[in-house]
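Enquirer: Here's a structure for you.
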Amino acid sequence: MRETLVLNASFEPLSTVSLRRAVVLVMQDKAVVEQAHPGLRIRGAAVDLPVPLVIRLSRYVRVPFRRQAPWSRRGVLVRDQHRCAYCGRRATTVDHVVPRAHGGGDTWLNTVASCAEDNHRKADRTPEQAGMEMLRRPFVPTPADTMLAALGVSVREELPDWLVQSA
Numbered sequence: 025m026r027e028t029l030v031l032n033a034s035f036e037p038l039s040t041v042s043l044r045r046a047v048v049l050v051m052q053d054k055a056v057v058e059q060a061h062p063g064l065r066i067r068g069a070a071v072d073l074p075v076p077l078v079i080r081l082s083r084y085v086r087v088p089f090r091r092q093a094p095w096s097r098r099g100v101l102v103r104d105q106h107r108c109a110y111c112g113r114r115a116t117t118v119d120h121v122v123p124r125a126h127g128g129g130d131t132w133l134n135t136v137a138s139c140a141e142d143n144h145r146k147a148d149r150t151p152e153q154a155g156m157e158m159l160r161r162p163f164v165p166t167p168a169d170t171m172l173a174a175l176g177v178s179v180r181e182e183l184p185d186w187l188v189q190s191a
């Protein structure tokens, strides 16, 4: 299912929603389409809309300030673009750099995406103990980076420059 980026009335990224939810917000005049998928339209008996890629709320919504995105397994996989931190192949699991059994927690800086083989090979050890080198280091993404990453790399290239730079 397609994801649509929701901007506040002030053009700051708020969240991503399903295509169905985005269409409902536009039809109820609660949002306007800022960026649409080229050439794609939603048609019905009384509806003819462009397929929204980015929508902007008509009214400003006050949101509590968040310095960092909340940690999640899905978030780690999206942050690392589903690529294993040890070999670069497709990642399907999340590996703890410092294993939980040794006091490592579920944090952005202690988890990386990993393929099942490398996760099993590393086992209950640190990468140094297992003799494995990491291709990329974990980092803490901003909430805006997390939302844009969830939309996908190809979609990010379709976004206007003003939106990618402000996020």
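Residue numbering for the sequence shown follows our numbering, beginning at 25 and increasing consecutively.
Positions of the beta carbon are idealized from the N, C-alpha and C atoms, including for glycine.
Give me the Cα-Cα distance between S138 and G112, rounded to the nearest whole angstrom.
Expert: Each residue's alpha carbon lies about 8 Å from the other.
Enquirer: Quick one, which of D53, D104, L49 and P76 has its alpha-carbon nearest P165's?
Expert: D104
Enquirer: So the candidates are P162, R160 and H120; which of them puts its Cα closest to the Cα of R143?
Expert: It should be pointed out that residue 143 corresponds to Asn in this sequence rather than to Arg. It is H120.
Enquirer: Does the Cβ-Cβ distance between P167 and L133 come in under 7 Å?
Expert: no
Enquirer: Run through DSSP, which three-state label would V41 get?
Expert: strand
Enquirer: Say whether chain D places a C-beta atom closer than 7 Å to the C-beta of A147.
Expert: Here there is only one protein chain, and chain D is not present.
Enquirer: Please state whether DSSP places P62 in a helix, a strand or coil.
Expert: strand
Enquirer: Excluding the 5 residues flanking R114 on each side, which residues of the same chain have their C-beta closer than 8 Å to its C-beta?
Expert: H106, R107, C108 and C139
Enquirer: Can you list, in chain order, the residues of its chain whose CB lies under 6 Å from that of L73, leaving out five sequence neighbours each side?
Expert: I66
Enquirer: Where does E141 fall in DSSP's three states?
Expert: helix
Enquirer: If you draw a straight line from the alpha carbon of D148 to that of D130, how long is it in whole angstroms?
Expert: Distance from the CA of D148 to the CA of D130, rounded to the nearest whole angstrom, comes to 15 Å.
Enquirer: Comparing alpha-carbon positions, which option in M156, S34, P151 and Q153 lies nearest V85?
Expert: If we check each option's Cα against that of V85, S34 comes out closest.
Enquirer: For my contact list, Y110 and M51 are in at a C-beta cut-off of 8 Å; report their separation, rounded to the angstrom.
Expert: Contact flag wrong, Cβ pair sits at about 47 Å.
Enquirer: Would you identify the three-state DSSP class for C111, choosing helix, strand or coil?
Expert: Here C111 sits in coil by DSSP.
Enquirer: Report the CB separation of V75 from L43 in whole angstroms; it is logged as a contact under 8 Å.
Expert: 7 Å
Enquirer: What's the C-alpha gap between H61 and L31?
Expert: 16 Å
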